[in-house]
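Enquirer:
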Amino acid sequence: SHEYGIYLIFANELTAFKTIASKYEPAGKELYSEELGQKVMATLLDAKINGVSKIIKYDDVYTKYMNGAVDWTGDATNGIDLLVGNLDGDTTKPYNITLGDDDPHCLVAGASGAGKSVFLDDMICSVLHKYSPEEVQIILLDFKVVTAAHYSGQYQAPHFYILSGTKDGAYALSIFEELLRMQSERQKIFKSLNMGIDKISDYNKLYKKGSLPANYEYMTRVLIVFDEYQAMYKGVPQKISDQITVRISQL
243 SHEYGIYLIF ANELTAFKTI ASKYEPAGKE LYSEELGQKV MATLLDAKIN GVSKIIKYDD
303 VYTKYMNGAV DWTGDATNGI DLLVGNLDGD TTKPYNITLG DDDPHCLVAG ASGAGKSVFL
363 DDMICSVLHK YSPEEVQIIL LDFKVVTAAH YSGQYQAPHF YILSGTKDGA YALSIFEELL
423 RMQSERQKIF KSLNMGIDKI SDYNKLYKKG SLPANYEYMT RVLIVFDEYQ AMYKGVPQKI
483 SDQITVRISQ L
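Residue numbers (the numbering used here): 243 to 493.
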C-alpha cells in the first residue's frame, strides 16, 4: 500500500526484543527554541507535582518563542519526513525517517518505559508541525486509550482522519476495511488515467504540474499509527483480531 500513500506504524510492548538498526538521512536544521522547551518542561512538571493544568497556546508558540515562523511548509509529494529526535541529544543534528514509495510499514517494539509513546508523540507532532492536512492525514488507533487521549481534547488537530481510543474490535476492523477501500479506490484512479502511473508520488507530481484532467484531485498521504498493538490480542475476540491481521496483510 506504500505506493498508494498508506503507511502503518505499530507500537508493541515486549519484555525482550532485538533492535533493528536503520540508516537515517539527517534532516535539515529544524526550528528550535530553548526557551520554549523550558516553558513546556516547567508546565509539565507543574501539572505532575502540583496538579496544575495550563495550556500553552499555539499562537504563543509562534509569536513568542518561534519568532512568527511559518508552519505547514512541508511537501509530501515524494514522502513524509518524520523528525524522530536528535543525534546524541544535539539539537543541531536532527534525524528523520522518510516514508516514501518503498515499503515503510514498521513495528516499534520495546519494554515498558523504553520510550515508545514518546517516540510516537515526536513522530505525530513532527507531522502536525510540518505538513498541512491536505498533504498528510493521520489515523490513530489506540487500544489502551493512552496516546489517543493526548490528541482528543478541545483543540483537535485537523490532520486526524480518524482518532480512535477504543477497545471495540469491530470498530477497529471497520477502520482497516476503510483503508482497503481507500487503497482500492486509488488503484482504480491510477488505472483510469492510462498513463502508466503506479505510485502516489508520480500521480501527485503530475497533479502539481497541471498534467491531470480537471476532475482529478490531489492524493493525501495517510499515516496509520496503531498504538498498544498487543492489547488487541488480549481484549478482542480472536475471530475479530484474526480478521484485522488479514486486513493489515492486504495493505
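Even for Gly, the Cβ is constructed at its ideal location relative to N, Cα and C. Small disclaimer: the values here were computed from a predicted structure and weren't measured.
(1) According to DSSP, is Y458 helix, strand or coil?
(2) Exposed or buried, S354, counting other C-beta atoms within 10 Å across all chains shown (16 or more means buried)?
(3) Specify whether the segment 329–336 and the segment 448–464 touch according to this definition: at least 3 beta carbon pairs, one from each stretch, less than 8 angstroms apart.
(4) Classify Y475 as helix, strand or coil using the three-state DSSP reduction.
(5) What is the residue span of the beta strand (DSSP E) that G411 lies within?
(6) Identify which residue in V360, T334, L287 and G321 has its Cα closest to the Cα of D469.
(7) Report buried or exposed for M437, applying the criterion of at least 16 other Cβ atoms within 10 angstroms of its Cβ.
(8) Between which two residues does the beta strand (DSSP E) carrying L405 extend?
(9) Tell me, which residues are paired with C348 by DSSP?
(10) Strictly by DSSP, which residues pair up with I322?
(11) Can you tell me which of the three DSSP states V378 falls into?
(12) Starting from T487, trace the alpha helix (DSSP H) in both directions and tell me its first and last residue.
(13) So, using beta-carbon positions, are L383 and R489 closer together than 8 angstroms?
(14) Under DSSP, the alpha helix (DSSP H) around K447 begins and ends at which residues?
(15) Quick check on the DSSP output: the alpha helix (DSSP H) that includes I439 runs from which residue to which?
(16) Using beta-carbon positions only, say whether K358 and A473 come within less than 8 angstroms of one another.
(17) Quick check: the Cα distance between P479 and A412, rounded to an integer number of angstroms?
(18) Ordered along the chain, which non-local residues of its own chain (more than five positions away) have a Cβ less than 8 angstroms from that of E376?
(19) If you drop the 5 nearest sequence neighbours on each side, which residues of the same chain put their C-beta closer than 8 angstroms to that of F402?
(20) Ordered along the chain, which non-local residues of its own chain (more than five positions away) have a Cβ less than 8 angstroms from that of P268?
(21) Exposed or buried, which one is T333 when buried takes at least 16 other CB atoms within 10 Å?
(22) Just checking my contact of L370 with I248 at CB under 8 angstroms: how many whole Å lie between their CB atoms?
(23) Looking at the secondary structure, which residues open and close the alpha helix (DSSP H) in which D363 lies?
(24) Are the beta-carbon atoms belonging to S368 and W314 less than 8 angstroms from one another?
Expert: Checking against the coordinates, here is how it stands:
(1) In the three-state reduction of the DSSP assignment, Y458 falls in the coil class.
(2) Burial is judged here by how many other beta carbons sit within 10 angstroms of a residue's own beta carbon; S354 has fewer than 16 and is exposed.
(3) Cβ pair count under 8 angstroms is below three, so no.
(4) It is helical.
(5) Per DSSP, G411 belongs to no beta strand (DSSP E); it is in the alpha helix (DSSP H), G411 to L435.
(6) It is V360 whose Cα lies nearest to the Cα of D469.
(7) Exposed is the call here.
(8) From DSSP, the beta strand (DSSP E) with L405 extends over F402 to G407.
(9) DSSP lists I251 as partners of C348.
(10) Beta-bridge pairing links I322 to L341.
(11) Assigned with DSSP and collapsed to three states, V378 falls in strand.
(12) Segment Q480 to S491, the alpha helix (DSSP H) holding T487.
(13) Cβ distance not < 8 angstroms, so L383 and R489 don't count as in contact.
(14) Unbroken alpha helix (DSSP H) run through K447: I442 to K450.
(15) No alpha helix (DSSP H) contains I439, which DSSP labels as neither H nor E.
(16) In this structure, K358 sits away from A473, with a CB-CB distance that is not shorter than 8 angstroms.
(17) So the alpha carbons of these two residues sit roughly 9 angstroms apart.
(18) Excluding positions up to five away in sequence, the list reads Y460 and T462.
(19) Within the same chain, Q379, I380, I381, L382 and Y393 come within 8 angstroms of F402 by CB-CB distance, once the 5 residues on both sides are set aside.
(20) Below a pLDDT of 50, predicted positions are generally treated as unreliable, and P268, at 34, falls in that range; the measurement from the model is reported next regardless. For P268, where only same-chain residues beyond five positions count, the Cβ hits under 8 angstroms are L329, K335, P336, Y337 and N338.
(21) So T333 counts as exposed.
(22) By a beta-carbon distance limit of 8 angstroms, L370 does not contact I248. Their separation comes to about 19 angstroms.
(23) If you look at D363, you'll find it in the alpha helix (DSSP H) that goes K358 to K372.
(24) No, they are not a contact pair.
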